[in-house]
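By the count of my numbering, the sequence shown reaches residue 252 at its end, each step adding exactly one. A virtual CB, placed ideally from N, CA and C, is assigned to each residue, including glycine. Heads up, the thing below is written out as structure tokens.
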Amino acid sequence: MNSKETYLIAVVGGDGTLYEKPNKQYLLSISDKCHEYHYILRKLFKEVFNFETTIRFIPQRNTFYTIVRNKSIVKHFMQFHPAGISKTLNCEVPSVIFEADISTKKLHLGGWIDAEGYPKLQLVKTLNYQYPRMLIESVSKKLVDDLHKLSLEVGIPSTKPHVCKRQYKNRLQRYGIEWNGKKCKDLLPFMFHNSKKGRLKRFVS
48 MNSKETYLIA VVGGDGTLYE KPNKQYLLSI SDKCHEYHYI LRKLFKEVFN
98 FETTIRFIPQ RNTFYTIVRN KSIVKHFMQF HPAGISKTLN CEVPSVIFEA
148 DISTKKLHLG GWIDAEGYPK LQLVKTLNYQ YPRMLIESVS KKLVDDLHKL
198 SLEVGIPSTK PHVCKRQYKN RLQRYGIEWN GKKCKDLLPF MFHNSKKGRL
248 KRFVS
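Pasting the structure below:
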């Protein structure tokens with residue numbers, strides 16, 4: 048397993064949906080509003096699996112989708128993530144990642160950040176000061192705990208996992224971690240999402 052494959056495993060875990068239909072049709076879709084990012088995913092799928100993905104735009108959702116209709120590739124990702132809605136609830140960092148080298152762990156972490164991360168500029172009004180933040184939130188406490196552990200192992204520690212205070216429509220409790228200040232700059236080298244990376248780069252400059 049190479050590092051780019053572990054990046055894709057993280058992206059599928061975050062923004063991917065895996066289908067195994069009754070008539071044994073297999074489908075993987077990855078959603079993201081940034082059109083350019085899907086061409087990066089296409090390049091990675093070509094390098095790792097020698098497979099040409101298709102890109103589809105759904106106007107009703109204003110979102111682009113990377114589409115993979117290949118049984119062996121879909122079943123490969125199902126080794127790490129279950130199909131259907133249970134993927135979101137039971138998401139976690141695959142155990143094999145914790146056995147990998149540091150560069151592979153970083154790229155896997157980068158995949159989760161590109162899929163689930165939210166770059167933000169935080170204002171401290173009392174000090175008239177702004178600092179960058181990269182946040183990840185999930186309904187899966189196991190995933191958040193795993194990402195915190197992974198961040199410690201690669202030497203870019205996140206905050207400790209916490210319960211998110213914001214209320215959401217689905218009413219499921221969410222958990223989160225974040226990186227603040229100068230640590231955000233250390234995340235940039237293993238991010239591929241050009242929109243999120245560009246925004247974070249502006250925040251840390």
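### Query
What's the gap between the Cα of E225 and the Cα of K244?
By 1-based counting over the sequence shown, the position of residue 225 is 178. By 1-based counting over the sequence shown, the position of residue 244 is 197. Each residue's Cα considered, the two are about 15 Å apart.
### Query
When DSSP builds the beta bridges, which residues end up paired with E225?
In the sequence shown, residue 225 corresponds to position 178, counting from 1. Beta-bridge pairing by DSSP links E225 to L182.
### Query
To which residues does DSSP link R103 through a beta bridge?
For the purposes of this step, residue 103 is taken as the residue at position 56 of the sequence shown. Bridge partners of R103: Y112.
### Task
Using the Cα positions of R116 and L65, report the straight-line distance between them to the nearest angstrom.
What you label residue 116 is simply residue 69 of the sequence shown in a count that begins at 1. What you label residue 65 is simply residue 18 of the sequence shown in a count that begins at 1. Roughly 10 Å between the two C-alpha positions.
### Spatial neighbours of I56 in its chain, beta-carbon cut-off 6 Å, leaving aside the 5 residues before and after
As a first step, residue 56 is located in the sequence shown; it is residue number 9 there, counting from the start. Excluding sequence neighbours, I56 sits near F127.
### Message
Let's test the definition: count the other Cβ atoms within 10 Å of the Cβ of F145 and tell me whether it reaches 16, buried, or not, exposed.
### Response
Here residue 145 refers to the residue found at position 98 of the sequence shown. F145 counts as exposed, since fewer than 16 other C-beta atoms from the protein chains shown sit within 10 angstroms of its C-beta.
### Message
Just to confirm the assignment, what range does the beta strand (DSSP E) spanning K167 have?
### Response
Your numbering for residue 167 matches position 120 in the sequence shown. Here the beta strand (DSSP E) through K167 covers G164 to V171.
### Query
Where does S142 sit, in a helix, a strand or coil, going by DSSP?
Counted from its first residue, the sequence shown places residue 142 at position 95. Correct three-state label for S142: helix.
### Message
To the nearest angstrom, how far is the alpha carbon of G164 from that of V191?
### Response
Sequence index remark: in the sequence shown, residue 164 carries index 117 (1-based). Sequence index remark: in the sequence shown, residue 191 carries index 144 (1-based). Between G164 and V191, the C-alpha separation is close to 12 Å.
### Message
Just to confirm before moving on: does the CB-CB distance between F111 and F104 stay below 7 Å?
### Response
As a first step, residue 111 must be located in the sequence shown, where it is residue number 64. As a first step, residue 104 must be located in the sequence shown, where it is residue number 57. In this structure, F111 sits near F104, with a CB-CB distance shorter than 7 Å.
### Query
Quick one, are the C-beta atoms of P179 and L170 less than 7 Å apart?
Here residue 179 is taken as the residue at index 132 of the sequence shown, counted from 1. Here residue 170 is taken as the residue at index 123 of the sequence shown, counted from 1. Cβ distance not < 7 Å, so P179 and L170 don't count as in contact.
### Task
Spatial neighbours of K134 within its chain, please: CB distance less than 7 Å, with the 5 preceding and 5 following residues excluded, ordered by chain position.
Locating residue 134 in the sequence shown gives position 87, where the first residue counts as 1. Taking K134 as the centre and dropping the five residues before and after it, the same chain places the C-beta of L65 and H128 closer than 7 Å to its C-beta, in chain order.
### Query
Whose C-beta lies closer than 8 Å to the C-beta of L247 among residues of the same chain, with five residues either side of it excluded?
Position 200 of the sequence shown, counted from the start, is the residue given in the question as residue 247. Cβ neighbours of L247 beyond the five flanking positions: P166, P179, M181, C231, L234, L235 and M238.
### Query
Which residues mark the beginning and the end of the beta strand (DSSP E) in which G245 is found?
Position 198 of the sequence shown, counted from the start, is the residue given in the question as residue 245. That residue, G245, is in no beta strand (DSSP E); its alpha helix (DSSP H) goes N241 to V251.
### Query
Shortest alpha-carbon distance to K229 belongs to which of K153, S205 and T100?
In the sequence shown, counting from the first residue as 1, residue 229 sits at position 182. Nearest of K153, S205 and T100 to K229, Cα basis: S205.
### Message
Using a Cβ-Cβ cutoff of less than 7 Å, which residues in the same chain neighbour K80 once the five nearest sequence positions on both sides are dropped?
### Response
Taking the first residue of the sequence shown as position 1, residue 80 is located at position 33. Once the five neighbours on either side are set aside, the close Cβ partners of K80 are N109, T110 and F111.
### Message
Taking only three categories from DSSP, how would you classify T135?
### Response
For the purposes of this step, residue 135 is taken as the residue at position 88 of the sequence shown. The answer is helix: DSSP assigns T135 an H, G or I state.
### Message
With H, G and I counted as helix, E and B as strand and the rest as coil, what does DSSP make of I87?
### Response
Position 40 of the sequence shown, counted from the first residue, corresponds to residue 87. Here DSSP, grouped into helix, strand and coil, assigns I87 to helix.
#### Entry: Contacting residues, own chain, Cβ-Cβ under 7 Å from L268 (five flanking each side not counted)
Because the chain is modelled from 48 through 252, residue 268 falls outside the range shown and cannot be assessed.
### Query
Relative to the C-alpha of N70, which residue among E83, K118 and V58 is closest?
Numbered from its first residue, the sequence shown carries residue 70 at position 23. Nearest option by C-alpha distance: K118.
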